[in-house]
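Notes for the one structure printed next.
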Amino acid sequence: MAVQTTPLSDVMGAEVTGIDLGKSLDGSLKEVINQAFLDYKVLCFRDQSFDIAGFLDAAHQFGSTHPHVYRHLRLDDFPDVSVVSNEDKDVHGSGKKFKRAAHFHTDESYKAVPAKATLLYSVKVPDEGGETRFVNMQTAYETLPDKTKQRIDGHMAVQRFLTSNPDIQLATLTDEEKAEVPDVIHPIARTHDETGKKALYVNAARTEFIVDMDPAESKALLQEIYDHSLMPEFQYHHHWRVGDLMMWDNRCTMHAATHNLKPGAERLLYRTLLDGTKPV
Ligand SMILES: O=C(O)CCC(=O)C(=O)O
Ligand SMILES: [Fe+2]
């Protein structure tokens, strides 16, 4: 079957069919996929069938991987893979189930060198709900008023794992994990290392404040950016099918889980992260 790329929305995202990521991709096909990835920012490879080892092998066709900061999420045999489930619990804290990734964020913005992409593969998905919502942060940047762009350009913001935002539910970090995630500083708008396009790189889940700016002004500017970027016209909501492998570009998108499952519904996905470059 020929490989086909079909847009999933006008905003971003494309589904890729006619491809089995369990088989080795040749160089020209990898180039076609990478171009689609740059164009659409979120790719959904339909009808994939992997065990955990196969999922990781598929990910390695796109780059090298690394593990999650949370040790408890790493699988013993495959530390670069973690499981996303609606049964997630705060193992070092209260032990209660909690709503992971409920707020818009980009993965690992709290790291000096964050993941370029995240791969998420659906093993179990509910008939209804459990969408992953994506935001096109390149379009969000491009549509800002010129005045706001001028206020942003060249400015940096502090990204913090243990956010001071009281709305964010996070599992407790061990001392070893804490030592791995000191505050970092990244541009408010980063320039994509492959496309050269700028995209907003701040999110309410991790961004603390803008460096060298009066705190009230920093707060107001960040709020203005969040209000703008979260407008529905920049979003694509993915309704999962079993066998979807989603790969998204963390350099120019945000995403959030949707905790709207019906009682008894199950959702289980495998996840890994592709190594990236320092935001500039
Ligand atoms: O569960 C989801 O829909 C998204 C989870 C998430 O934020 C992630 O895997 O990085
Ligand atoms: Fe995430």
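Residue 3 is where the sequence shown starts when you use my numbering, and the numbers rise one by one after that. Glycine included, C-beta positions come from ideal geometry on N, C-alpha and C. Note that this is a predicted model, so its numbers are computed, not measured.
Check: residue i C-beta below 7 angstroms from any heavy atom of ligand 3
i	result
R208	With respect to ligand 3, the structure shown offers nothing to examine, as its ligands consist of ligand 1 and ligand 2.
Contact test: residue i Cβ vs ligand 1 heavy atom, cutoff 7 angstroms
i	result
A259	yes
A103	yes
T150	no
V183	no
T134	yes
R48	no
K273	According to the sequence as given, residue 273 is Arg; it is not Lys. Yes, the Cβ of R273 comes within 7 angstroms of a heavy atom of ligand 1.
V86	yes
Buried or exposed (CB count within 10 angstroms, at least 16 for buried), residue i
i	result
A191	buried
E17	buried
D78	exposed
S166	exposed
K43	buried
S96	exposed
D82	buried
V213	exposed
S51	exposed
S66	exposed
M233	exposed
V13	buried
V282	exposed
A2	With the chain covering only 3 through 282, there is no way to say anything about residue 2.
A181	exposed
Heavy atom of ligand 2 within 7 angstroms of residue i beta-carbon
i	result
T19	no
D109	yes
T120	yes
Nearest-angstrom Cα separation, counted from residue j out to residue i
i	j	result
T260	L31	33 angstroms
L224	F106	14 angstroms
I187	F236	25 angstroms
Q161	F211	8 angstroms
T150	K118	26 angstroms
V34	L164	38 angstroms
K264	P128	8 angstroms
A60	G29	14 angstroms
V291	M139	No information on residue 291 is available, as it lies outside the stretch 3 to 282 that the chain covers here.
T141	M256	12 angstroms
S220	P168	18 angstroms
D195	G266	43 angstroms
Y72	P147	38 angstroms
V137	E179	28 angstroms
N262	Y143	29 angstroms
Top-ranked residue by Cα proximity to residue i, from the options
i	options	result
L202	T145, N167 and P168	T145
Y112	E33, Q225, P281 and D185	D185
G24	L122, P189 and H62	H62
G278	F57, A114 and K43	A114
V125	K264, D251 and L247	L247
H230	V204, D49, F211 and G20	V204
T120	A207, N262, C254 and A104	C254
R76	T193, L275, K280 and V282	L275
D155	K200, F80, T176 and T8	K200
L58	A207, T193 and L122	L122
L343	F64, K99, T176 and F39	Since the first and last residues shown for the chain are 3 and 282, residue 343 lies out of range.
P189	L40, A104, H241 and R153	R153
H70	L40, A104, D53 and P116	P116
H74	L175, T7 and E226	L175
T108	N262, V183, A38 and A206	A206
Beta-carbon proximity of residue i to residue j, cut-off 8 angstroms
i	j	result
S87	R243	no
T197	A159	no
E130	N252	no
H239	E133	yes
R273	S11	no
C46	G15	yes
Q171	K99	no
G245	D53	no
Neighbour flag for residue i against chain C, beta carbons, 8 angstroms
i	result
A207	Absent from the structure: chain C. Only one protein chain is present.
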